[in-house]
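Here the structure is laid out as structure tokens; the discussion comes afterwards.
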Amino acid sequence: MTRPPCTGFCRSSSTCSGGSVRNRHNEVASGDRTRHPEFELARWPAAHLTPEQRTAATVYTSGEHCPMCAAAHAWVGLGRIVYVASSEQLVAWIDELGAPAPPVCGLRVNEVAPGAVVEGPVPELVTEVRDLHRRFHGARQRD
Numbered sequence: 030m031t032r033p034p035c036t037g038f039c040r041s042s043s044t045c046s047g048g049s050v051r052n053r054h055n056e057v058a059s060g061d062r063t064r065h066p067e068f069e070l071a072r073w074p075a076a077h078l079t080p081e082q083r084t085a086a087t088v089y090t091s092g093e094h095c096p097m098c099a100a101a102h103a104w105v106g107l108g109r110i111v112y113v114a115s116s117e118q119l120v121a122w123i124d125e126l127g128a129p130a131p132p133v134c135g136l137r138v139n140e141v142a143p144g145a146v147v148e149g150p151v152p153e154l155v156t157e158v159r160d161l162h163r164r165f166h167g168a169r170q171r172d
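Going by my numbering, the first residue of the sequence shown is number 30, and it counts up by one from there.
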């Protein structure tokens, strides 16, 4: 089974001297469409980090948070989000590849979580993420 093309990790200088605190990959291929790495990365700090540590954390992801993940990020009180490809880019790629449209609108993080500090997209890496989506959706169409 092909792994979906999103990954994320949470980095917090207040807990690991700038090291990675938690790494997650997309697990939606399991059948549970809520198993986004960004959602998992919000749940773990809620249980293991203080509010101050969560605010100091940065979440790095290949794709901009979907509305579900952006809401979880805001509710938990995580800090900055850095993403490679925007929701707008992801929606365009899905359409271009003829893949089924997601059941949720592709909103920008700040439309869901207005107070979130967000950086992205990262133009130098966008092509790599687009290629991941091409491989993933091409494999899904062959399955």
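Here a beta-carbon is modelled for each residue, glycine too, at the ideal position from N, C-alpha and C.
1. Assuming Ala-76 and Ala-103 are in contact, meaning their beta carbons sit under 8 angstroms apart, how far apart are those beta carbons, in whole angstroms?
2. Under the three-state reduction of DSSP, which class applies to Thr-156: helix, strand or coil?
3. Can you tell me the Cα-Cα spacing of Val-111 and Ala-128, whole angstroms?
4. What does DSSP give as the partner residue(s) for Glu-148 in the beta ladder?
5. Using the Cα positions of Gly-92 and Gln-82, report the straight-line distance between them to the nearest angstrom.
6. Going by DSSP in three states, Thr-87 sits in which element: helix, strand or coil?
7. Cys-95 and Ala-71: beta carbons closer than 8 angstroms?
8. Among the candidates His-166, Trp-122 and Ala-86, whose CA atom is the shortest distance from the CA of Val-155?
9. To which residues does DSSP link Gly-92 through a beta bridge?
10. Report yes if the CB atom of Gly-106 is closer than 8 angstroms to the CB atom of Thr-84, and no otherwise.
11. Within the same chain, show all residues whose beta-carbon is closer than 7 angstroms to that of Glu-117, passing over the 5 residues directly before and after it, in chain order.
12. Check the C-beta distance from Ala-142 over to Ala-100 and give it rounded, since I have them as a contact under 8 angstroms.
13. Using the Cβ count rule (16 or more neighbours within 10 Å means buried), how would you classify Gly-108?
14. Using only the alpha-carbon positions, how far apart do Pro-15 and Ser-115 sit?
15. Since Glu-69 contacts Val-88 with CB under 8 angstroms, what's their CB separation in whole angstroms?
Let me lay it out:
1. Contact flag wrong, Cβ pair sits at about 17 angstroms.
2. helix
3. 26 angstroms
4. Val-111
5. 23 angstroms
6. strand
7. no
8. Trp-122
9. Ala-114
10. yes
11. Gly-135
12. 7 angstroms
13. buried
14. One cannot answer for residue 15 here, as it falls past the ends of the chain, which runs 30 to 172.
15. With a Cβ gap of about 11 angstroms, Glu-69 and Val-88 do not count as contacting.
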